[in-house]
Amino acid sequence: MSALTRSPAWQALATHRAAFEHTMRDLFSVDPGRFDRYRIAFDGLMLDYAKNRVTDETLSLLVDLARQQNLEGLRDAMFRGDRINLTEDRAVLHVALRNPIDRPILVDGQDVMPGVHAVLTRLYAFCHKVRDGEWRGYDGQAITDIVNIGIGGSDLGPVMVTQALTPWHHPHLAAHFVSNVDGTHIAEVLKKVDPATTLFIIASKTFTTQETLANAHTARDWFLAHGGRAEDVAKHFVAVSTNGAEVAKFGIDTDNMFGFWDWVGGRYSLWSSIGLPIALMVGPEKFGELLAGAHAMDEHFRTAPLEQNMPVIMGLLGVWYGNFCGATAHAVLPYDQYLARLPAYLQQLDMESNGKSVDRQGNQVDYATGPIIFGEPGTNGQHAFYQLIHQGTHLIPCDFIAPIRSLNPTGRHHAMLLSNTLAQTEALMRGKNADEVRAELVKEGKSGTELDALLPHKIFTGNRPTNTILVDQLDPYRLGMLVALYEHKVFVQGIIWNINSFDQWGVELGKQLAKVILPELEGEGTKPHDASTAGLIGVVNAGTVG
Ligand code: F6P
3 MSALTRSPAW QALATHRAAF EHTMRDLFSV DPGRFDRYRI AFDGLMLDYA KNRVTDETLS
63 LLVDLARQQN LEGLRDAMFR GDRINLTEDR AVLHVALRNP IDRPILVDGQ DVMPGVHAVL
123 TRLYAFCHKV RDGEWRGYDG QAITDIVNIG IGGSDLGPVM VTQALTPWHH PHLAAHFVSN
183 VDGTHIAEVL KKVDPATTLF IIASKTFTTQ ETLANAHTAR DWFLAHGGRA EDVAKHFVAV
243 STNGAEVAKF GIDTDNMFGF WDWVGGRYSL WSSIGLPIAL MVGPEKFGEL LAGAHAMDEH
303 FRTAPLEQNM PVIMGLLGVW YGNFCGATAH AVLPYDQYLA RLPAYLQQLD MESNGKSVDR
363 QGNQVDYATG PIIFGEPGTN GQHAFYQLIH QGTHLIPCDF IAPIRSLNPT GRHHAMLLSN
423 TLAQTEALMR GKNADEVRAE LVKEGKSGTE LDALLPHKIF TGNRPTNTIL VDQLDPYRLG
483 MLVALYEHKV FVQGIIWNIN SFDQWGVELG KQLAKVILPE LEGEGTKPHD ASTAGLIGVV
543 NAGTVG
C-alpha cells in the first residue's frame with residue numbers, strides 16, 4: 003500500500019465511506035440549510051456544492067486529508083516561486099502572470115514581476131497598433147485577420163477565451179486558429195484570408211513542435227506565393243515563444259517576438275504572451291480584466307480557509323468521488339454558448355496535468371488520479387449523453403456553469419436555458435423512485451402488466467452529484483476567475499495524489515514513434531514494428547485498403 007492510502011486521513015475517509023448510507027434526497031429533507039452552508043461566492047461568481055453526497059463530517063475529513071498532504075504548504079511554495087515541478091526542475095508561476103507589479107515573486111532570488119509587466123507593456127503597445135490600424139501590411143492596408151498557429155496550450159486557451167469573449171471583439175478584426183497538422187486545417191483558414199491584411203502569430207513555447215512548425219512553414223510559403231516578399235514577412239509574422247534561437251532560425255526577427263518563461267506551463271499559458279490573439283481581439287483593457295479576475299481567484303485560493311475555499315472544495319469533492327465512490331469521469335457542462343470550448347480546454351488542463359500514475363517520488367500509485375473530463379454546452383449535451391449520466395451505470399459528477407444574465411437577451415431563451423440548467427441538477431439529485439413512477443403511470447391510465455413492464459425503465463435512481471457555478475454575467479473578469487478556479491482545482495488534486503501536475507512526459511512516446519514512421523510513409527524504407535503497425539504502414543503505402 004502507498005503512504006497515501008495507508009495514511010490516517012485516507013483511512014478515516016475509507017471508513018466513513020463504508021458507513022455512508024445517506025442519499026442526497028435524505029440529506030436535503032433533514033437539512034434544508036445545506037444550500038446556505040455549502041455555497042461560496044465572491045465578486046459575482048458562486049459555487050453551490052450542496053448537491054453532493056457529502057455531510058459536514060465528509061467535508062471535514064476531506065479537509066483533514068488536504069492538511070495531511072500539506073496542501074497549504076505546497077500552495078504557498080507555488081506562490082513563492084519554489085521549483086515544485088520536480089521532473090523539469092522548474093517553478094510553476096502562472097499566478098505571477100496576473101500578479102500586480104508591486105508584489106514581488108522571486109525565482110532564484112530574482113523578482114520576476116518587472117519582466118512580466120515589461121512584456122505586457124510591449125504586447126499591449128503592439129495590440130494598440132494593430133487594433134488602431136497603425137500596423138500596416140505590405141501594401142499599406144490595415145490588418146483585418148489574425149491567424150494563430152499553435153497547438154495544445156498554445157492554442158486551446160486562446161481559442162476558448164477568444165470565443166468566450168466574442169462580444170468584446172474588435173469590429174474589424176477576425177481571429178482564426180490553426181492547430182492540427184492535418185493540412186485541411188490550414189488550407190481551409192487560408193481560403194478565408196487575404197495575405198495583404200493577415201497577421202500570423204506563430205505560438206509555441208518550445209518552437210520545436212512538429213505540428214506548429216509545419217503549419218508555420220506552410221503559412222509562410224503561402225504568403226510568399228501570394229504577393230508577399232521575403233522583406234514583408236516581418237510585417238505579417240510574429241512569434242510567441244520562450245525560444246529566441248529557434249524563432250530566429252525560422253526567420254522571424256526576434257524584435258517581432260513576445261517572450262515568456264520556462265516557469266509558465268503550456269496549458270497554463272493563456273495569461274502570458276500566448277494570450278496575444280485574445281488581447282488583439284478584445285483589447286488590452288479587457289485582457290487586463292481577464293488577468294484581474296484570475297488574480298482575484300488566486301488571492302481567494304491563497305488566503306481563504308480550506309473549508310471556504312472554492313478550488314479546494316472542488317478538488318476535494320473530485321477526490322471523494324474518484325477515490326472513495328468509484329467515479330472515473332467528470333463532466334463540465336457550460337450553459338453558455340460562448341463557453342463552448344471550455345470542456346476541450348479543461349481536457350488539456352486537467353488530463354495533461356493529472357493523467358499520471360507515479361507519485362512525486364517515482365512510485366507507482368495504487369489509487370485513481372485524474373478523471374476523464376468531457377462535456378458539451380447545455381442544452382446540446384442533454385440530447386446526447388445525459389441519458390448515461392441520469393440512468394447509466396457510471397457515476398459521473400458534473401459541473402453546471404451558467405450566467406444569471408445573458409449577453410444576448412432574446413425572448414424567453416435565457417429563462418428556458420436556466421430552467422434546464424437547474425432542472426438537470428434537481429433531476430440528477432432527486433431521481434424518480436418506483437412509487438413516483440407508478441403514480442405517474444396510473445395517472446396516464448396504465449395498469450397491470452403494461453405498467454409493470456414500463457416501471458423499471460422509468461425509474462431514476464438519482465443521488466448523482468453536481469456542482470453549480472453561477473456568474474452574474476459572463477465577462478472577462480468572471481472568465482478569468484472561472485479559469486483560475488479550475489487551474490487551482492487541478493493543483494489541489496495533484497497535491498492530494500502526490501503527483502507532479504506540471505510535466506507531461508506521456509505525450510512524448512507517440513511523438514518519437516511518429517518521427518520513425520514519417521520517413522516510412524515517404525518511401526524511405528521500413529523499420530521493424532509489430533505486425534499491426536507494419537501492416538497498417540503497408541496498407542497506407544499501397545494507397546488502398548483493397
Ligand atoms: O502536448 C504536449 C505539449 O507539450 C503541451 O503541453 C503543449 O501545450 C503543447 O505540446 C504545445 O507545445 P509548444 O507550445 O511548445 O508548441
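This note's numbering runs 2 ahead of the 1-based position in the sequence shown. From the three backbone atoms N, C-alpha and C, an ideal C-beta is built for every residue, glycine too.
Per-residue DSSP class, three states only, for residue i
{"i": "Ala306", "result": "coil"}
{"i": "Ser62", "result": "helix"}
{"i": "Gly185", "result": "helix"}
{"i": "Pro286", "result": "helix"}
{"i": "Val360", "result": "strand"}
{"i": "Arg222", "result": "helix"}
{"i": "Asp532", "result": "coil"}
{"i": "Asn311", "result": "coil"}
{"i": "Phe498", "result": "At residue 498 the sequence reads Ile, which differs from the Phe that was named. Helix, per DSSP."}
{"i": "Phe30", "result": "helix"}
{"i": "Phe179", "result": "strand"}
{"i": "Asn72", "result": "coil"}
{"i": "His332", "result": "strand"}
{"i": "Asn422", "result": "helix"}
{"i": "Ile254", "result": "coil"}
{"i": "Asn87", "result": "strand"}
{"i": "Arg100", "result": "helix"}
{"i": "Gln514", "result": "helix"}
{"i": "Phe376", "result": "strand"}
{"i": "Gln475", "result": "strand"}
{"i": "Gln366", "result": "strand"}
{"i": "Arg440", "result": "helix"}
{"i": "Arg407", "result": "strand"}
{"i": "Phe493", "result": "helix"}
Same chain, Cβ closer than 7 angstroms to residue i, five either side skipped, listed in chain order
{"i": "Val492", "result": "Leu351, Asp352, Ser355, Asn356 and Ser503"}
{"i": "Ala198", "result": "Gly139, Tyr140, Asp141, Gln143 and Gly229"}
{"i": "Asp38", "result": "none"}
{"i": "Leu456", "result": "Leu443 and Lys448"}
{"i": "Thr1", "result": "The structure shown does not extend to residue 1, since the chain is modelled only from 3 to 548, so the question has no answer here."}
{"i": "Ala16", "result": "Phe326"}
{"i": "Val191", "result": "Val149, His178 and Val180"}
{"i": "Lys517", "result": "none"}
{"i": "Ala329", "result": "Tyr323, Pro373, Leu397, Ile398 and Pro399"}
Chain-order list of residues whose beta-carbon lies under 8 angstroms from that of residue i (same chain, five-residue window excluded)
{"i": "Asp157", "result": "Asn150, Phe179, Ser181 and Ala205"}
{"i": "Asn465", "result": "Thr25, Met26, Arg27, Arg55, Met431 and Gly433"}
{"i": "Lys237", "result": "Trp137, Arg138, Gly139 and Tyr140"}
{"i": "Ile539", "result": "Ile519, Glu522, Leu523, Thr528 and His531"}
Which residues DSSP lists as bridging residue i, in chain order
{"i": "Phe44", "result": "Leu47"}
{"i": "Thr1", "result": "Any question about residue 1 goes unanswered here, given that the chain covers just 3 to 548."}
{"i": "Lys434", "result": "Phe462"}
{"i": "Met259", "result": "Ala241"}
{"i": "Asp113", "result": "Leu108"}
{"i": "Thr200", "result": "Asp147"}
{"i": "Ala205", "result": "Val242"}
{"i": "Gln384", "result": "Beta-bridge pairing links Gln384 to no other residue."}
{"i": "Arg138", "result": "Ala144"}
{"i": "Arg92", "result": "Asn87"}
Own chain, CB closer than 6 angstroms to residue i, minus 5 neighbours either side, in chain order
{"i": "Val161", "result": "Phe179 and Arg343"}
{"i": "Pro405", "result": "Asp338, Val473, Gln475 and Leu476"}
{"i": "Gly267", "result": "Phe504"}
{"i": "Pro336", "result": "Leu344, Pro379 and Ile403"}
{"i": "His416", "result": "Ser408"}
{"i": "Asp234", "result": "Tyr140"}
{"i": "Ala241", "result": "Ile204, Val249, Ile254 and Met259"}
beta-carbon residue i near the ligand PLP non-hydrogen atom, thresh 7 angstroms
{"i": "Thr211", "result": "Annotation note on the ligand PLP: not contained in the displayed structure, which lists the ligand F6P as its ligands."}
Quiz item: So, do the region 339-346 and the region 372-385 have three or more beta carbon pairs nearer to each other than 8 angstroms?
Solution: Yes: the two stretches touch, three or more of their Cβ pairs being nearer than 8 angstroms.
Quiz prompt | Inter-stretch contact at 8 angstroms, needing at least 3 Cβ pairs: the region 204-214 / the region 243-260 | solution = Flag = yes, the region 204-214 and the region 243-260 touch.
Exercise. Indicate whether the contact test is met: 3 or more Cβ pairs, each with one atom in the region 353-366 and one in the region 492-509, closer than 8 angstroms.
Key: Touching, yes, given that three or more Cβ pairs across the two stretches are closer than 8 angstroms.
Quiz item: If you pair each beta-carbon of the region 533-548 with each one of the region 113-123, do three or more pairs fall below 8 angstroms?
Solution: Here the region 533-548 makes no contact with the region 113-123; the two share fewer than three CB pairs at distances below 8 angstroms.
Quiz item: Quick check: the region 271-285 against the region 217-237, are there 3 or more CB pairs under 8 angstroms?
Solution: Result no; under three Cβ-Cβ pairs closer than 8 angstroms.
Quiz item: Are the region 108-115 and the region 304-318 in contact at 8 angstroms, needing three or more beta carbon pairs?
Solution: No: the two stretches stay apart, fewer than three of their Cβ pairs being nearer than 8 angstroms.
Self-check item: Sufficient close CB pairs (3 or more, under 8 angstroms) joining the region 477-487 to the region 281-300
Solution: The region 281-300 and the region 477-487 touch, with three or more beta-carbon pairs separated by less than 8 angstroms.
Self-check item: the region 251-258 touching the region 77-92, judged by at least three CB pairs closer than 8 angstroms
Solution: In short, these stretches do not touch, since the Cβ pair count stays below three.
Quiz item: Contact between the region 59-78 and the region 320-330: three or more CB pairs below 8 angstroms?
Solution: Touching, yes.
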